[in-house]
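Colleague: Take the sequence shown: its letters are residues 272 to 647, numbered as in the numbering used here.
So that we are looking at the same thing, I have put the structure below in structure tokens.
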Amino acid sequence: DGSRPPLMTLFQDPARQVNLVFGVVPYGRASSGTDFQASDNAWFGEIRSDFDPAVILEGGETLESDPAWIAYGLMDTDHLDHYYSLSLVDLPRQPQGWDCPRAWVTVEEEAGLTELVRRAQQGKEFGVNMALVPASWEGRPGSMRGASPRYPGNMADAARALQQAGSVPGLTIDPLLTQGGSERWAAQSSDGQTWLDLSSDEAKEAARKRIRSALGWGFKFLVVPPSNIPDEVLIHFRMTRQQADMMALVVTAEAAGAIPVLPSSAMSLTAVRDLWLKAAGTASRMAEHRVFPAPLRLDLTGLTELDQETSTAIRLWPGPIEVVGAPGARGRDGLAQCFRLPRLMGRQIESVTQEARLWQMKFHGPAQAYYGAAVL
Numbered sequence: 272d273g274s275r276p277p278l279m280t281l282f283q284d285p286a287r288q289v290n291l292v293f294g295v296v297p298y299g300r301a302s303s304g305t306d307f308q309a310s311d312n313a314w315f316g317e318i319r320s321d322f323d324p325a326v327i328l329e330g331g332e333t334l335e336s337d338p339a340w341i342a343y344g345l346m347d348t349d350h351l352d353h354y355y356s357l358s359l360v361d362l363p364r365q366p367q368g369w370d371c372p373r374a375w376v377t378v379e380e381e382a383g384l385t386e387l388v389r390r391a392q393q394g395k396e397f398g399v400n401m402a403l404v405p406a407s408w409e410g411r412p413g414s415m416r417g418a419s420p421r422y423p424g425n426m427a428d429a430a431r432a433l434q435q436a437g438s439v440p441g442l443t444i445d446p447l448l449t450q451g452g453s454e455r456w457a458a459q460s461s462d463g464q465t466w467l468d469l470s471s472d473e474a475k476e477a478a479r480k481r482i483r484s485a486l487g488w489g490f491k492f493l494v495v496p497p498s499n500i501p502d503e504v505l506i507h508f509r510m511t512r513q514q515a516d517m518m519a520l521v522v523t524a525e526a527a528g529a530i531p532v533l534p535s536s537a538m539s540l541t542a543v544r545d546l547w548l549k550a551a552g553t554a555s556r557m558a559e560h561r562v563f564p565a566p567l568r569l570d571l572t573g574l575t576e577l578d579q580e581t582s583t584a585i586r587l588w589p590g591p592i593e594v595v596g597a598p599g600a601r602g603r604d605g606l607a608q609c610f611r612l613p614r615l616m617g618r619q620i621e622s623v624t625q626e627a628r629l630w631q632m633k634f635h636g637p638a639q640a641y642y643g644a645a646v647l
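In structure tokens:
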């Protein structure tokens, strides 16, 4: 998400050929990052963990920030990127692999099933055969009933319509929402909605039941968005927003079993080569250590052409791609070449501060036997 503070900031001293890195290792309770600003030829700033809403400590309780990650020395930036990415391997997260969903089409929140089916049919023309129902599908939040007339009341009909259009159906779902429930493990906000406290085993089971119902409708992958749970409820649960969202993702993955579960996209890019190179360069080293990024949205609105270099840059992105918007005919031809070819599993080999135009590609055979590498 380009609007959020970076997890890691690199300072270079060209005269001494020395690098200084400030980073943070996010464990999921706080919203953490680095924030540095330049002023009068100097830099000032901080590594910070924000607890939102504020955590209230009872007597004897303690609170810990996410760990800071600091490096200094003569190492080149490629090694620094490598070591920082390696430090993220043990983070709590939903395990994924290079075989996670490659791409899906979706529509904006105000659209309905008819438009989504139409986009799914268009997506098949350029090699994307998955379609995601956005978060606005539910009528009354927590009811598990479709918002008529945009979606059918029984969402099994929506999954069936997408399958008939030739797409693998997916659903966006907030597992924190419910209807009813005991005050021991659920709470109602001032707008009348009921929310689950996923620190409770009973609430986890209620969430799992909701997830299993959605899978029973025929959906083959799930996307968990940041929850709209109000601060008043989070304070009642003594929980931060980051913590609630992390628990929601974990509980959904537990209930889904082998069904892919992913967080929602937080950032949208148009089909511009350098934007995708920058994004792919940011995440490539993490993906090399099997720390995969969340989906990135590709906005195709008004796309008239997709050149080969931009197509290659999109193929270098190691995470899923969420496709929105309707491209022109020539744009669809270029996208077909992009999405019908495999993802390029490479890593940026230039400095992380430069444009990512040189990549090392590794090639593996059966049983992951290493065949060799090439520079792209």
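Each residue gets a CB set at the ideal place from its N, CA and C atoms; glycine is no exception.
This one's a predicted model, so the numbers in the text were calculated from it and none came from an experiment.
Roughly how many angstroms separate the alpha carbons of A644 and R618, rounded to a whole number?
Modeller: The residue labelled residue 644 in the question sits at position 373 within the sequence shown. The residue labelled residue 618 in the question sits at position 347 within the sequence shown. Near 11 angstroms, if we compare the C-alpha coordinates of R618 and A644.
Colleague: Compute the Euclidean distance between the alpha carbons of R287 and F293, then round it to the nearest angstrom.
Modeller: Taking the sequence shown and counting its residues from 1, the one referred to as residue 287 is at position 16. Taking the sequence shown and counting its residues from 1, the one referred to as residue 293 is at position 22. Rounded to the nearest angstrom, the two C-alpha atoms are 18 angstroms apart.
Colleague: Whose CA, out of S414, L384 and I444, lies closest to the CA of A406?
Modeller: Within the sequence shown, residue 406 is the residue found at index 135, counting from 1. Comparing Cα-Cα distances from A406 to each of S414, L384 and I444, the minimum goes to I444.
Colleague: Say whether chain D places a C-beta atom closer than 8 angstroms to the C-beta of L362.
Modeller: This model lacks chain D altogether, as it is built from one protein chain only.
Colleague: Assuming P446 and T523 form a contact by the criterion Cβ under 8 angstroms, report the distance between their Cβ atoms to the nearest whole angstrom.
Modeller: For this step, residue 446 is matched to residue 175 along the sequence shown. For this step, residue 523 is matched to residue 252 along the sequence shown. Indeed, because the Cβ distance is near 5 angstroms, the residues count as touching under 8 angstroms.
Colleague: Check whether the Cβ atoms of A342 and S320 lie closer than 8 angstroms to each other.
Modeller: Within the sequence shown, residue 342 is the residue found at index 71, counting from 1. Within the sequence shown, residue 320 is the residue found at index 49, counting from 1. Their beta carbons are not under 8 angstroms apart, which means A342 does not touch S320 by this criterion.
Colleague: Rounded to whole angstroms, what is the Cα-Cα separation between V562 and S470?
Modeller: Taking the sequence shown and counting its residues from 1, one reaches residue 562 at position 291. Taking the sequence shown and counting its residues from 1, one reaches residue 470 at position 199. Approximately 25 angstroms, taken between the alpha carbons.
Colleague: Given this structure, state the Cα-to-Cα distance separating F490 from A430, to the nearest angstrom.
Modeller: On the sequence shown, position 219 is the one that residue 490 refers to. On the sequence shown, position 159 is the one that residue 430 refers to. Rounded to the nearest angstrom, the two C-alpha atoms are 6 angstroms apart.
Colleague: Checking the sheet assignment: what are the DSSP bridge partners for I318?
Modeller: Along the sequence shown, read from residue 1 onward, the residue named residue 318 stands at position 47. Per DSSP, T305.
Colleague: Just curious, the beta strand (DSSP E) that K491 is in, first and last residue?
Modeller: Reading the sequence shown from its first residue, position 220 is the one you call residue 491. Unbroken run through K491: none, as it is neither H nor E.
Colleague: Go ahead and pull the three-state DSSP assignment for F610.
Modeller: As a first step, residue 610 is located in the sequence shown; it is residue number 339 there, counting from the start. Of the three classes helix, strand and coil, the one that applies to F610 here is helix, per DSSP.
Colleague: With a threshold of 7 angstroms on Cβ separation, who are the neighbours of A537 within its own chain once the five nearest residues in sequence on each side are excluded?
Modeller: What you label residue 537 is simply residue 266 of the sequence shown in a count that begins at 1. The residues are D272 and A565.
Colleague: Answer yes if the segment 451–465 comes into contact with the segment 414–426, meaning at least three C-beta pairs across the two stretches below 8 angstroms, and no otherwise.
Modeller: Flag = no, the segment 414–426 and the segment 451–465 do not touch.
Colleague: Any idea what DSSP makes of W547, helix, strand or coil?
Modeller: Locating residue 547 in the sequence shown gives position 276, counting from the first residue. W547: helix per DSSP, three-state reduction.
Colleague: I believe M426 touches W488 by the beta-carbon criterion, under 8 angstroms. Please report the beta-carbon distance rounded to the nearest angstrom.
Modeller: The residue you call residue 426 lines up with position 155 of the sequence shown. The residue you call residue 488 lines up with position 217 of the sequence shown. About 5 angstroms; that satisfies the 8 angstroms criterion.
Colleague: Please list the terminal residues of the continuous beta strand (DSSP E) segment that includes A342.
Modeller: In the sequence shown, residue 342 corresponds to position 71, counting from 1. Counting along the chain, the beta strand (DSSP E) containing A342 begins and ends at A339 to G344.
Colleague: On a CA-only basis, which of I620, V521 and G413 is nearest L362? Give me that one, please.
Modeller: Within the sequence shown, numbered from 1, the residue matching residue 362 stands at position 91. Residue V521 is the option with its Cα nearest to L362.
Colleague: Between the C-alpha atoms of T581 and A551, what's the straight-line distance to the nearest angstrom?
Modeller: Along the sequence shown, one-based indexing puts residue 581 at 310. Along the sequence shown, one-based indexing puts residue 551 at 280. The alpha-carbon atoms of T581 and A551 are separated by roughly 12 angstroms.
Colleague: Once DSSP output is grouped into helix, strand and coil, what is the label at Y355?
Modeller: Within the sequence shown, residue 355 is the residue found at index 84, counting from 1. Helix.
Colleague: Buried or exposed, going by whether 16 or more other CB atoms sit within 10 Å of the CB of K475?
Modeller: Reading the sequence shown from its first residue, position 204 is the one you call residue 475. Buried is the call here.
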